[in-house]
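Below is one structure, written out as C-alpha cells; comments come after it.
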Amino acid sequence: MLVSSSSRLISRRHLLGASVLGGLSVAILPRMAFAEGNGPIPIGTLTPLTGAGANYGGRMRDAVAGVVAAVNEQGGIIGRQIKLISEDDQTNPEAGVRAARKLIDVDRVAAIMGVWASAVTTAVAPLCWESGTALFCTSGADSITRLPHKGFIFRTEPGSELQAEQVTVFMLGEGARRLAYMGPQTPFTEPSIQRMTKVATAAGAEVASIIYESEKASYRSEVDKILASKPEFIFFGGYAPDTVVLVKDLYKAGYEGRVVGPSYVIDAEFLKTVPNEATEGAYVYYTATSNETGAVDRIKSILKIDQPDAYTCQTYDHANLALLAMAAAKEASGTAIRDNLRKISQGDGEKVGFASDGARLLEEGKKINYEGASGPCDFNEIGDVTSTVTSFNVVKGGELLPYK
Amino acid sequence: MAGLEIVQSLINGVVYGTLLTLPAMGLTIIYAVLRFPSFAVAAHATVGAFAGYVANAVFGMPLLLAFAAGFLVSGLVGVLSDEAALKPLRGRGPLTVAIASIALTIVLENVLRFAFGNELRGYDVPLQRDWMISGIRIGPQQVVNLVVSVVLMLAIFAFFKFTRAGKAMRAVADNPMLASIRGVDPNMVRRFANFFGMALAGLGGMLIALDTSVNPLVGFRIMLPIFAAAIVGGMGSVPGAVVGGLTIGIAEQMSLLVIPPIYRTAVSFGVIMIVLTIRPAGFFGERGN
Numbered sequence: 010m011l012v013s014s015s016s017r018l019i020s021r022r023h024l025l026g027a028s029v030l031g032g033l034s035v036a037i038l039p040r041m042a043f044a045e046g047n048g049p050i051p052i053g054t055l056t057p058l059t060g061a062g063a064n065y066g067g068r069m070r071d072a073v074a075g076v077v078a079a080v081n082e083q084g085g086i087i088g089r090q091i092k093l094i095s096e097d098d099q100t101n102p103e104a105g106v107r108a109a110r111k112l113i114d115v116d117r118v119a120a121i122m123g124v125w126a127s128a129v130t131t132a133v134a135p136l137c138w139e140s141g142t143a144l145f146c147t148s149g150a151d152s153i154t155r156l157p158h159k160g161f162i163f164r165t166e167p168g169s170e171l172q173a174e175q176v177t178v179f180m181l182g183e184g185a186r187r188l189a190y191m192g193p194q195t196p197f198t199e200p201s202i203q204r205m206t207k208v209a210t211a212a213g214a215e216v217a218s219i220i221y222e223s224e225k226a227s228y229r230s231e232v233d234k235i236l237a238s239k240p241e242f243i244f245f246g247g248y249a250p251d252t253v254v255l256v257k258d259l260y261k262a263g264y265e266g267r268v269v270g271p272s273y274v275i276d277a278e279f280l281k282t283v284p285n286e287a288t289e290g291a292y293v294y295y296t297a298t299s300n301e302t303g304a305v306d307r308i309k310s311i312l313k314i315d316q317p318d319a320y321t322c323q324t325y326d327h328a329n330l331a332l333l334a335m336a337a338a339k340e341a342s343g344t345a346i347r348d349n350l351r352k353i354s355q356g357d358g359e360k361v362g363f364a365s366d367g368a369r370l371l372e373e374g375k376k377i378n379y380e381g382a383s384g385p386c387d388f389n390e391i392g393d394v395t396s397t398v399t400s401f402n403v404v405k406g407g408e409l410l411p412y413k
Numbered sequence: 554m555a556g557l558e559i560v561q562s563l564i565n566g567v568v569y570g571t572l573l574t575l576p577a578m579g580l581t582i583i584y585a586v587l588r589f590p591s592f593a594v595a596a597h598a599t600v601g602a603f604a605g606y607v608a609n610a611v612f613g614m615p616l617l618l619a620f621a622a623g624f625l626v627s628g629l630v631g632v633l634s635d636e637a638a639l640k641p642l643r644g645r646g647p648l649t650v651a652i653a654s655i656a657l658t659i660v661l662e663n664v665l666r667f668a669f670g671n672e673l674r675g676y677d678v679p680l681q682r683d684w685m686i687s688g689i690r691i692g693p694q695q696v697v698n699l700v701v702s703v704v705l706m707l708a709i710f711a712f713f714k715f716t717r718a719g720k721a722m723r724a725v726a727d728n729p730m731l732a733s734i735r736g737v738d739p740n741m742v743r744r745f746a747n748f749f750g751m752a753l754a755g756l757g758g759m760l761i762a763l764d765t766s767v768n769p770l771v772g773f774r775i776m777l778p779i780f781a782a783a784i785v786g787g788m789g790s791v792p793g794a795v796v797g798g799l800t801i802g803i804a805e806q807m808s809l810l811v812i813p814p815i816y817r818t819a820v821s822f823g824v825i826m827i828v829l830t831i832r833p834a835g836f837f838g839e840r841g842n
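Take a look at the structure:
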C-alpha cells in the first residue's frame, strides 16, 4: 500500500546493481583518503568540545589546527599537505569510541591527538593499536601506558602517581603533617591516593581522602567530612568545574589551611571565576614547560592568548611530534609515527620547536631533537613522557606568582 | 559530635534541596499543563545562569535585578523555543515532544557555547564565610537562596489558589476541553505555563551557578536530581516538587554520613525506587495540586 507506482519503475535487478555499486564505492572511496596515498595526510583530533572537559578541548583542537595551517603554508610534510579532521569525544568514553571509529575507519587518520580524559583514552586505545593508528593523549592515569598498546600510545602528561608523589613531598616540605586529597572518581584517583599515603606515612604524616562524584552543585558535606580530619594542606585532584565549587565551599566552611592544585585547574581563568579571598595563598604546580625553541611563543601567536594551559601546550606538541615522525620516516602512517617518534624527540640532534623547521633539517639529512611547549618531550619505552613536576606558583591577589 | 554532624547534614540537605525545588517546580508545572516531561528545563537553567551573569557581571546590576533578568530571559526563551520547536510536534504524542525537548536542550546549550565559549565564569558577588551557630554552619548565600526559593514557592501557591490565571492553568491541566468550553484559551495558558516553568528553571540555574560557576553545563549538573525530585514528589504536583526536592537533597547529603560520596546519584535513584514502590504516583500523585 505504501509503495507508490513510480517506485515500481526500479526493478529488482537495478536495485541489486545499485547496491553492489554503492557497496563497492563505500569500500573504495575511503582508500582515496587513506594516509598512505598521495593526497593530503589525514590526522585527527579527539578533544572534549562538550562535557566536563569542554573548557580545555576547544583550545587543544585550535592549537593543532594552527600547527597544521602553518605547516601547510610552508609546503606540508614529505611533499603532501595535511588534512585535519576534528571530532568531539563529549568527555564520554562511549561517544569517544564512536568518534574514534569514524576517524580510523572513514577518515583513515595516521594519528589521533588530544585525547584528554583517562576513561576516553582507555576506551579508544584498543581501536588505535589494533588499526595501527598512533594515539597521543594528555590523560594522567598510569594504567593507560601499561596497556598492551604495541607502542602506539604516547602520553605527554606526566603519570598521575608521580605527580601525587612530588606534590606530597612539596606539602611535607612546607611543614604539613596532616594532608588531605579531594578528587573525583577517575582511573587515576585511587592510585594517586595510595602513592600519596605511602610517601606521607613514610615521613610520619597522616592522609585523609575523599573521592567525590563529579558535576554536583554542592560539596558542603564532602567538605565537612574532609575538615573533620583537620587537614593542614589539601591536594585537589579534580578538574576546574568541580574544584571551583570545592574552593568556594572550603572558604565558606572557614578552612584556613593551605591548598595545592595543578596548573591546568588553577589558571588565570579559574582565578577570574572564583573571588580572590577564596584562592589567596593557593599553590599551583606545573610540569616542565619550555620556550627554548620558541614553541610557547608560537602557541600564543596561534591562539592569541597570553598564557596557554598545559593541555594546549601538550596538544601543540602532539601535532608537531606526529608530523616530524612521518617526515623522518618519509611515510604517512601510524606505524611510521610509532617507529620514528623517538628518533626526532630525543637524542643529541638540533633542537627544534616547530614541525616545518624540523622537516627541513631532516631533508638536509640532519638529526633533530624536538623540544616542545610542554617540555623536552622525551618518551620512555612504554610511551610515557619523562618530564615531571618542576615548579610551584602561589596565588596572591588573584595573580600567579613564582614560589619554588 | 555525632548529633551535630547529623544536624549539619540535615541543613546541608535542606539547602541543596531548595536549589532543586525551583527547577523541579518548573518541570512539574509544564508537565501538569502540557503533559510531557520537558528535558529542556536543564538548558533553561543554563540560560538563566547566563542571563543573570550578563546582568550582574557585564552590566553591573545588583544581584536582585540579576535574579529578575535570569527569570525573565529564561521564561521568554522558554516560550519562543516551545513555539518554534515543540509546539508543532505536540500532536504526535508526549514521547515525541519529550525527545524533541532533549534535542532542544542540546541546541540551546550549544548556542550558549558559541556565544560565550566553554570558559567558566563567576558573578561579581563577594564570597562570605558561613555563620557558626552552636557548632552548626549556615551560609549567608544559602540563606538568600532559601529565602528566594521559599518566597517563590509561596507566590506560586498563592498564584494557583487565588488568581484567575492560576485557576485557568489548573483548569487546563485537569481538563483542557472543559476549560476551553468555559472560555479559557488553552494556548495562552500553555504559553504562560511554559514561561513560568522555564523562568523558575532559569532562576534555579542562577542560584546553582552562584555556588558553582557559570558555564554551558550548569543545567546538566542538576538534570537528574531535578527529575528525581519531580518524580518523587509526583509529576504534575507543585507541592510534590517542593517535598521531592527536599527529600532528594536531604537523602543525598545525609547518606554521606554512612556511604562514600561517589554514590550520591545512586542515592537519588534509590529514593525514587523506594517511594514509587510504596506510592507509584509519587508523594502527591498526579493531581496533588
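Keeping their order, the protein sequence lines are chains Y and E. First residue of the first sequence: 10, per this note's numbering; consecutive thereafter. First residue of the second sequence: 554, per this note's numbering; consecutive thereafter. Beta carbons are placed, not taken as given, at the ideal position from N, Cα and C, and that holds for glycine. It should be emphasised that the depicted structure is a prediction, and the values quoted were computed from it without experimental measurement.
Checklist entry - Using a C-beta cutoff of 7 angstroms, does VAL268/Y count as contacting chain E? => result no
Next on the checklist: Just checking: is the beta-carbon of ILE734/E within a distance shorter than 7 angstroms of some beta-carbon in chain Y?
Outcome noted: no
Item to check | SER808/E versus GLY823/E: straight-line alpha-carbon distance, rounded | outcome: 11 angstroms
Checklist entry - Across which residues does DSSP place ASP97/Y in a beta bridge pair? => result THR56/Y
Item to check | Chain-ordered chain E contacts of ALA249/Y [CB-CB under 7 angstroms] | outcome: LEU673
Checklist entry - Tell me the DSSP bridge mates of LYS360/Y? => result Residue pairing by DSSP puts LYS360/Y in a beta bridge opposite ASN378/Y.
Next on the checklist: Check whether chain E comes within 7 angstroms of ALA277/Y, counting only Cβ atoms and requiring the distance to be less than that.
Outcome noted: no
Item to check | For ASN81/Y, three-class secondary structure by DSSP | outcome: Note: ASN81/Y maps to helix in three-state DSSP.
Next on the checklist: Beta carbons nearer than 7 angstroms to chain E: which residues of the segment 221-248 of chain Y have them?
Outcome noted: Within the segment 221-248 of chain Y, the qualifying residues are TYR221, GLU222, GLU224, LYS225, ALA226, SER227, ARG229, SER230, GLU231, ASP233, LYS234.
Next on the checklist: For PRO411/Y and ASN402/Y, I'd like the C-alpha separation in whole angstroms.
Outcome noted: Taking the straight line from one Cα to the other gives about 4 angstroms.
Checklist entry - Closest to CYS386/Y by CA distance: which of GLY406/Y, ALA331/Y, GLN90/Y is it? => result Closest in alpha carbon position to CYS386/Y, among GLY406/Y, ALA331/Y, GLN90/Y, is ALA331/Y.
Checklist entry - What in chain E is Cβ-close to ALA287/Y, meaning under 7 angstroms? => result LEU680
Checklist entry - Do the CB positions of MET759/E and GLY605/E come within less than 7 angstroms of each other? => result yes
Checklist entry - What's the gap between the Cα of ARG743/E and the Cα of THR765/E? => result 32 angstroms
Next on the checklist: At the level of alpha carbons, what is the spacing between PRO200/Y and LEU699/E?
Outcome noted: 40 angstroms
Checklist entry - Quick one: which chain E residues come within Cβ less than 9 angstroms of ILE219/Y? => result PRO813, PRO814
Next on the checklist: Using 8 angstroms as the cut-off, can you tell me whether the segment 570-579 of chain E makes contact with the segment 795-812 of chain E, which would need three or more C-beta pairs spanning the two stretches below that distance?
Outcome noted: Taking one beta carbon from each stretch, the segment 570-579 of chain E and the segment 795-812 of chain E have 3 or more pairs nearer than 8 angstroms; the two touch.
Checklist entry - So, do the segment 581-594 of chain E and the segment 645-653 of chain E have three or more beta carbon pairs nearer to each other than 8 angstroms? => result These segments touch.
Checklist entry - Of all Cβ atoms in chain E, is any one closer than 7 angstroms to the Cβ of GLN323/Y? => result Judged by the 7 angstroms Cβ criterion, GLN323/Y is not in contact with chain E.
Checklist entry - Which residues in the same chain have their Cβ closer than 8 angstroms to the Cβ of ILE37/Y, if we skip the five residues on either side of it in sequence? => result Since pLDDT at ILE37/Y reaches only 45, below the 50 mark, its modelled position is unreliable, and no value is offered.
Next on the checklist: Would GLY692/E pass as an interface residue toward chain Y - the criterion being a Cβ-Cβ separation below 7 angstroms?
Outcome noted: yes
Checklist entry - Does ALA63/Y come within less than 7 angstroms of chain E when only Cβ atoms are used? => result yes
Next on the checklist: Against chain Y, does ILE775/E count as a neighbour if the rule is that its beta carbon must be under 7 angstroms from one of theirs?
Outcome noted: yes
Next on the checklist: Is the beta carbon of GLY750/E closer than 7 angstroms to that of PHE624/E?
Outcome noted: Cβ atoms of PHE624/E and GLY750/E: not closer than 7 angstroms.
Checklist entry - Among VAL216/Y, ALA212/Y, LYS225/Y, which has the Cα closest to the Cα of ALA762/E? => result In terms of Cα proximity to ALA762/E, the closest of VAL216/Y, ALA212/Y, LYS225/Y is LYS225/Y.
Next on the checklist: Please classify THR154/Y as buried or exposed, where buried requires at least 16 other C-beta atoms within 10 Å of its C-beta.
Outcome noted: Label assigned to THR154/Y: buried.
Checklist entry - Which one of GLY88/Y, ARG89/Y, GLY184/Y, ILE52/Y has the shortest CA to CA distance from CYS137/Y? => result Out of GLY88/Y, ARG89/Y, GLY184/Y, ILE52/Y, ILE52/Y has the C-alpha closest to the C-alpha of CYS137/Y.
Item to check | Limits of the beta strand (DSSP E) - the one that ARG690/E falls within | outcome: 689-691
Checklist entry - In chain Y, what lies closer than 7 angstroms to PRO615/E by C-beta? => result Per Cβ cutoff of 7 angstroms: no residues; PRO615/E is ~16 angstroms from chain Y at best.
Next on the checklist: Give me the DSSP bridge partner(s) of SER218/Y.
Outcome noted: TYR190/Y
Item to check | Per DSSP, cross-strand counterpart(s) of PRO271/Y | outcome: TYR294/Y
Item to check | Other residues of its chain near THR321/Y: CB distance less than 6 angstroms, five sequence neighbours each side excluded | outcome: ARG68, MET69, ALA72
Checklist entry - Relative to the alpha-carbon of GLU408/Y, which residue among LEU312/Y, ILE311/Y, LEU280/Y has its alpha-carbon at the smallest distance? => result LEU280/Y
Checklist entry - Tell me which same chain residues have a C-beta within less than 7 angstroms of the C-beta of LEU639/E, skipping the five on either side of it? => result VAL650, ALA653, SER654, LEU657
Item to check | ARG817/E versus PRO135/Y: straight-line alpha-carbon distance, rounded | outcome: Within the model, the alpha-carbon separation for ARG817/E versus PRO135/Y is close to 32 angstroms.
Checklist entry - Should VAL73/Y be flagged as near chain E, meaning a C-beta pair shorter than 7 angstroms? => result no
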